[in-house]
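Chemist:
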Amino acid sequence: MTNGYRFEFRPYQRRFVRTLTTNHGTWDIREGIILRLTDELGKIGWGEIAPISWFGSETLEQALDFCRQLPREITDEIIFSIPDELPACQFGFESAQEWGETQLIASVLGSEFFSIPNAPCPMPHAQFYSALLPAGEAALNQWETLWEQGYHTFKWKIGVYAIANELEIFESLIDTLPAFTKLRLDANGGLSYEEANLWLRTCDTLKANVELPVEIEFIEQPLPVEQFQQMLELSTSYKTAIAIDESVATLRQLAACYQQGWRGIFVIKPGIVGSPSRLRKFCHQHKIDTVFSSVFETAIGRLAALRLAAELSQNNRAVGFGIDHFFEQEDTWFQSLWNDL
43 MTNGYRFEFR PYQRRFVRTL TTNHGTWDIR EGIILRLTDE LGKIGWGEIA
93 PISWFGSETL EQALDFCRQL PREITDEIIF SIPDELPACQ FGFESAQEWG
143 ETQLIASVLG SEFFSIPNAP CPMPHAQFYS ALLPAGEAAL NQWETLWEQG
193 YHTFKWKIGV YAIANELEIF ESLIDTLPAF TKLRLDANGG LSYEEANLWL
243 RTCDTLKANV ELPVEIEFIE QPLPVEQFQQ MLELSTSYKT AIAIDESVAT
293 LRQLAACYQQ GWRGIFVIKP GIVGSPSRLR KFCHQHKIDT VFSSVFETAI
343 GRLAALRLAA ELSQNNRAVG FGIDHFFEQE DTWFQSLWND L
């Protein structure tokens with residue numbers, strides 16, 4: 043796309059089919075902003091701002107305030123000068139600016155756009171995705187449906203209920219999942235140091251069982267962000283890998299954790315991490331072990347995020363975008379937003 047663009051935006055709301063429960067609390071409605079940039083040749087670029095303030099990004103209101111104060115005509119200079127305090131805005135505007143360069147322009151946004159498996163996506167098959175299971179016992183009732191859809195990697199939320207109950211459910215899940223399944227445990231920073239040790243010891247014990255058909259891939263963000271040094275210590279004390287997520291929500295945090303010695307797995311949420319161009323530069327320079335993950339964005343943000351994942355993933359880990367079952371089909375509400383624009 044060229045240097046000057048006509049800028050338009052619309053806020054959106056999407057209700058989860060079922061309440062999403064994590065250590066951070068419950069989540070019923072996903073809110074965000076769809077951006078449209080039209081260049082001087084009439085080519086359209088789409089972007090999405092999908093903040094999660096409790097995870098480390100700006101708030102939705104801050105993002106809306108930023109969009110409202112922009113002129114109707116904007117330039118690359120404006121896009122690439124968005125401050126680091128607005129990382130979801132950085133991602134949304136740069137993604138829209140890059141849209142034309144990827145040839146995913148307005149013609150893509152026909153009926154096939156709303157069915158992501160048929161859209162021009164670099165990783166179209168479910169086996170490349172990690173499917174998110176609900177917290178607690180509900181996971182035992184849902185994995186089979188997702189397995190039949192082609193998912194072989196699952197992420198299960200822990201640190202939500204009493205640890206004794208979760209460990210019991212975990213053992214049932216391990217006994218039930220088919221061979222060659224990969225399982226990720228995501229605590230969202232909700233464990234105490236003692237609980238984190240217990241989970242890691244339990245996983246190490248299970249991994250020592252050569253007949254265990256399920257691979258426990260890693261425990262994600264076992265401790266709060268402020269306990270980074272303890273997570274660094276734990277990462278060298280157990281065979282079970284640790285991934286950091288909330289600790290690296292933004293590019294600034296990503297660089298800080300790397301500088302402090304983290305060489306384990308980095309879970310990157312493109313929708314809130316910040317500038318895609320700067321993320322590329324960092325990943326190419328440091329060759330970090332990444333897992334790219336969703337922020338429950340729409341198809342627009344997901345396409346941009348998956349292109350980054352395809353380009354920057356080093357170890358072919360499943361991407362954390364298996365979340366479609368948390369929403370109704372996008373077609374109706376999104377087409378309405380499209381027509382409104």
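Plus 42 on top of the position in the sequence shown (first one is 1) and you've got this note's numbering.
Heads up, the beta-carbon is just placed ideally off N, CA and C, and yes, glycines get one too.
Because the structure is a prediction, the values reported are computed rather than measured.
Note down, in chain order, each residue of its chain lying with its Cβ closer than 8 Å to the Cβ of residue 60, except the 5 sequence neighbours on either side.
Modeler: Cβ within range, chain order: 176, 368.
Chemist: For residue 273, which residues from the same chain have a beta carbon less than 7 Å from its beta carbon, with the 5 sequence-adjacent residues on both sides left out?
Modeler: Taken in chain order, the residues that qualify are 264, 265, 284, 286.
Chemist: Within a Cβ cutoff of 7 Å, which residues of the same chain sit near residue 66, ignoring the five residues on either side of it in sequence?
Modeler: Taken in chain order, the residues that qualify are 96, 230.
Chemist: For the alpha helix (DSSP H) that contains residue 256, what are its first and last residues?
Modeler: Element bounds for residue 256: n/a, residue is neither H nor E.
Chemist: What residue range is occupied by the uninterrupted beta strand (DSSP E) comprising residue 58?
Modeler: It spans 46-64 - the beta strand (DSSP E) in which residue 58 sits, taken as one unbroken run.
Chemist: Kindly identify the DSSP beta-bridge partner or partners of residue 72.
Modeler: Partner(s): 56.
Chemist: What residues are listed by DSSP as bridge partners for residue 315?
Modeler: In DSSP, residue 315 forms no bridge with anything.
Chemist: Counting only the same chain and skipping the five closest in sequence on each side, list residues whose C-beta sits under 6 Å from that of residue 172.
Modeler: Cβ within range, chain order: 195, 197, 360, 362, 364.
Chemist: Determine, for residue 203, whether the minimum Cβ-Cβ distance to residues of chain C falls below 8 Å.
Modeler: No chain C is present in this structure, which holds just one protein chain.
Chemist: DSSP on residue 126, reduced to helix/strand/coil?
Modeler: Coil, per DSSP.
Chemist: Answer with buried or exposed for residue 262, where buried requires no fewer than 16 other C-beta atoms within 10 angstroms of its C-beta.
Modeler: Burial call: buried.
Chemist: Would the region 300-317 count as touching the region 43-55 if we require 3 or more Cβ pairs under 8 Å?
Modeler: Taking 8 Å as the limit for Cβ pairs, the verdict is that the region 43-55 does not touch the region 300-317.
Chemist: Report the residue from 236, 222, 343, 255 whose alpha carbon sits nearest the alpha carbon of residue 312.
Modeler: Measuring from the Cα of residue 312, the nearest candidate turns out to be 343.
Chemist: With distance defined between alpha-carbon atoms, name the residue in 209, 258, 211 nearest to residue 221.
Modeler: The residue with the shortest Cα to Cα distance from residue 221 is 258.
Chemist: Do you know how far the Cα of residue 333 is from the Cα of residue 119?
Modeler: Those two C-alpha atoms are separated by around 30 Å.
Chemist: How is the beta strand (DSSP E) around residue 331 delimited, first residue to last?
Modeler: Counting along the chain, the beta strand (DSSP E) containing residue 331 begins and ends at 331-334.
Chemist: State the Cα-Cα distance for the pair residue 449 and residue 211, rounded to the nearest angstrom.
Modeler: No answer is possible for residue 449: it lies beyond the span of the chain, which begins at 43 and ends at 383.
Chemist: Would you tell me roughly how many angstroms separate the C-alpha atoms of residue 140 and residue 87, rounded to the nearest one?
Modeler: When rounded, the distance between both Cα atoms is 7 Å.
Chemist: Throw me the rounded Cβ distance for the residue 276 and residue 256 pair, which I believe falls under 8 Å.
Modeler: With 8 Å as the limit, residue 276 and residue 256 do not qualify as a contact, their Cβ atoms being about 22 Å apart.
Chemist: Below 6 Å CB to CB, which residues in the same chain sit around residue 64 once its five sequence neighbours on both sides are set aside?
Modeler: Excluding sequence neighbours, residue 64 sits near 199, 230.
Chemist: In chain order, what are the residue ranges of uninterrupted alpha helix (DSSP H) at least 4 long that sit wholly in the region 187-251?
Modeler: You should have 205-218, 235-249.
Chemist: Within a Cβ cutoff of 6 Å, which residues of the same chain sit near residue 102, ignoring the five residues on either side of it in sequence?
Modeler: Counting only Cβ-Cβ distances below 6 Å, and skipping sequence neighbours, we find 73, 93.
Chemist: Closer than 6 Å by C-beta to residue 290: which residues in its own chain qualify, once you throw out the five before and the five after it? Chain order, please.
Modeler: Result list for residue 290: 296, 299, 308, in chain order.
Chemist: Tell me, which residues are paired with residue 78 by DSSP?
Modeler: DSSP lists 50, 88 as partners of residue 78.
Chemist: Please state whether DSSP places residue 337 in a helix, a strand or coil.
Modeler: It is coil, neither helix nor strand.
Chemist: Taking the alpha carbon of residue 350 as the reference point, which residue from 337, 328, 318 has its own alpha carbon closest?
Modeler: Nearest option by C-alpha distance: 318.
Chemist: Spatial neighbours of residue 248 within its chain, please: CB distance less than 6 Å, with the 5 preceding and 5 following residues excluded, ordered by chain position.
Modeler: 254, listed in sequence order.
Chemist: Since residue 103 is in the alpha helix (DSSP H), which residue starts that stretch and which ends it?
Modeler: Taken as a continuous stretch (DSSP letters only), the alpha helix (DSSP H) holding residue 103 covers 102-111.
Chemist: Give the straight-line distance between the Cα atoms of residue 75 and residue 340, rounded to the nearest whole angstrom.
Modeler: Residue 75 and residue 340: Cα-Cα distance of roughly 10 Å.
Chemist: Identify, in the order they occur along the chain, each residue of the same chain with its Cβ nearer than 7 Å to the Cβ of residue 70, setting aside the five sequence neighbours on each side.
Modeler: Result list for residue 70: 57, 58, 61, in chain order.
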